[in-house]
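Residue numbers (UniProt numbering), protein chains in the order written: chain R, 1 to 291; chain E, 1 to 233.
Everything on this sheet refers to the single structure shown next.
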């Protein structure tokens with residue numbers, strides 16, 4: 001453990017002290033748990049009719065699963081668009097042409113610096129004056145997600161490209177590739193590979209941000225808490241169940257990120273003798289992974 | 001510019017409320033974040049587990065849900081202010097403090113992770129030297145490691161604070177208002193867009209500039225401070 005340097009391996013006295021501290025902490029924790037329990041008791045949160053809805057298939061079929069689907073739909077469309085937006089604006093901002101790179105930079109910095117909720121409200125209320133009726137809540141949510149997270153992903157990709165050794169670009173230019181070809185065939189593949197964990201971390205943020213759709217009345221997971229409360233008067237159990245669903249979804253995404261991180265590190269190691277990841281045959285790499 | 005003559009003072013009040021929300025939440029988030037970071041690096045396993053559990057839970061739950069739970073769960077269901085008939089706080093104060101609670105707890109987990117990464121940037125020799133001269137864990141952390149860690153994470157810490165300032169808009173979930181009934185910035189923007197459908201672009205620009213005026217100084221200040229207080233190694 002990296003932080004264990006802060007203290008020595010505990011001797012007999014420190015061990016005893018640690019036990020005391022652990023004991024005190026557990027007592028405090030127990031007290032807090034008792035406080036929560038009795039508060040729940042007092043306000044009747046343990047009543048079985050508040051919890052039994054969650055073992056009812058209809059509740060899952062009619063409320064929770066549709067909510068999950070709506071959340072995942074906004075996530076899927078939003079993250080796809082955010083990736084496209086991120087790619088376009090990262091490449092634009094890295095362009096040698098000032099009249100491309102400067103506007104792209106302004107767009108990215110603007111969307112990064114204002115709250116996403118303002119963007120969603122703006123897109124939502126803008127639709128009637130653009131002649132779009134009926135007003136779509138879904139697209140207000142998804143486009144808001146795209147503009148903010150896309151800008152962040154653009155910066156992640158740009159950072160990835162700039163972190164590459166200068167020789168990569170120079171070698172590409174030296175063998176006669178155009179700057180577009182250098183970007184497409186040499187820089188971007190390496191940058192995306194090294195930045196994939198950061199991009200997925202941003203997708204976790206995007207998944208959490210779909211909950212902002214609640215404010216606009218989008219029928220995602222959080223809105224189902226309200227529906228459950230209307231039907232069963234069980235706001236607390238419903239909020240707990242939905243929080244657990246969010247945490248589970250994010251954990252899955254996190255595991256994907258860790259898996260990819262391990263995978264890319266393995267690639268970098270095998271490629272070490274030539275100094276860059278591009279030398280590895282992706283087919284051979286797949287095969288190596290399958291073993 | 002009749003937009004300003006009609007809404008000028010409301011916009012100002014809205015941003016003052018947002019600022020108040022940000023100042024309180026930021027202060028509590030930094031304090032709580034330091035406590036969580038100390039928990040996570042402490043020699044007591046139970047404390048480490050508690051720290052990790054809190055951070056994992058709140059980092060993976062949407063702020064909107066945390067905010068929602070703070071008001072509708074803690075106040076309306078669990079009566080944390082006490083039984084409803086005995087509460088003397090006004091409705092606007094109740095909602096304000098619940099928004100502060102949600103924002104500070106949520107943000108503190110991010111502060112904690114930034115601090116922890118800062119602790120990792122402090123060279124091993126520093127902590128080892130501190131231990132060699134006989135400092136205890138808490139002295140080591142308080143006098144040697146945390147001051148250096150803090151100075152090296154000023155920039156990422158500023159990013160967390162900037163994100164928090166932008167996240168104050170999520171308070172619209174529970175409706176945070178001033179005593180005179182003016183919403184915080186995002187709620188005020190929504191009201192104005194509903195009332196003035198012909199001036200939506202202008203309204204959006206006004207509120208965007210308002211947020212930039214709050215976030216940009218934080219970024220510049222952090223950039224300047226991180227140079228001034230940089231640990232020279």
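Where is the CB? At the ideal position from N, CA and C, for every residue including glycine.
Contact annotation: the region 43-56 of chain E touches the region 21-29 of chain R, with at least three C-beta pairs closer than 8 Å. Cβ contact annotation for residue 238 of chain R (same chain, cutoff 7 Å, sequence separation greater than five): 225, 228 and 229, in chain order.
Short of 8 Å from the beta carbon of residue 190 of chain E, and not among the five residues preceding or following it, lie these beta carbons of its own chain, in chain order: 172 and 183. In the DSSP assignment, residue 156 of chain E falls within the unbroken alpha helix (DSSP H) covering 154-167. In this structure, the beta-carbon distance from residue 214 of chain E to residue 27 of chain E does not fall below 9 Å. Judged by DSSP secondary structure, residue 136 of chain R falls outside any alpha helix (DSSP H); it is assigned neither H nor E. For residue 56 of chain E, the nearest CB of chain R lies under 9 Å from its own CB, placing it at the interface with that chain. For the pair residue 151 of chain E and residue 230 of chain E, the CB atoms are nearer than the 9 Å cut-off. Around residue 211 of chain R, the beta-carbon contacts reaching into chain E at under 7 Å are 62, 64 and 65.
With contacts defined by Cβ atoms closer than 9 Å, residue 200 of chain E and residue 111 of chain R do not form a contacting pair.
Listed along the chain, the chain E residues whose CB falls inside 7 Å of the CB of residue 39 of chain R are 78. The Cβ atoms of residue 33 of chain E and residue 114 of chain E sit closer than 9 Å to each other. Residue 14 of chain R and residue 104 of chain E have their C-alpha atoms spaced approximately 34 Å apart.
The three-state reading of DSSP puts residue 96 of chain R in coil, since its state is none of H, G, I, E or B.
Under the DSSP assignment, residue 120 of chain E falls in the alpha helix (DSSP H) whose first and last residues are 91-121. In this structure, residue 203 of chain E places its C-beta atom within 9 Å of the C-beta atom of residue 192 of chain E.
Here residue 6 of chain E is exposed, its C-beta having fewer than 16 other C-beta atoms within 10 Å. Contact annotation for residue 110 of chain E against chain R: no contact, minimum CB-CB distance about 11 Å [criterion: below 9 Å]. Per DSSP, the unbroken alpha helix (DSSP H) holding residue 59 of chain E starts and ends at 45-59. Around the Cβ of residue 158 of chain R, a 10 Å sphere holds 16 or more other Cβ atoms; the residue is buried. With a cutoff of 9 Å on beta-carbon distance, residue 152 of chain R and residue 86 of chain R are scored as near each other. Between residue 113 of chain E and chain R, the shortest Cβ-Cβ separation is not below 9 Å.
Per DSSP, residue 82 of chain E lies in no alpha helix (DSSP H) segment and is marked neither H nor E.
As DSSP reads the structure, residue 177 of chain E sits in a beta bridge with E/183.
Comparing alpha-carbon positions, the option among R/6, R/248, R/91 and R/208 lying closest to residue 119 of chain E turns out to be R/6. For a cut-off of 8 Å, the C-beta gap from residue 236 of chain R to residue 45 of chain R is around 5 Å, short enough to register as a contact.
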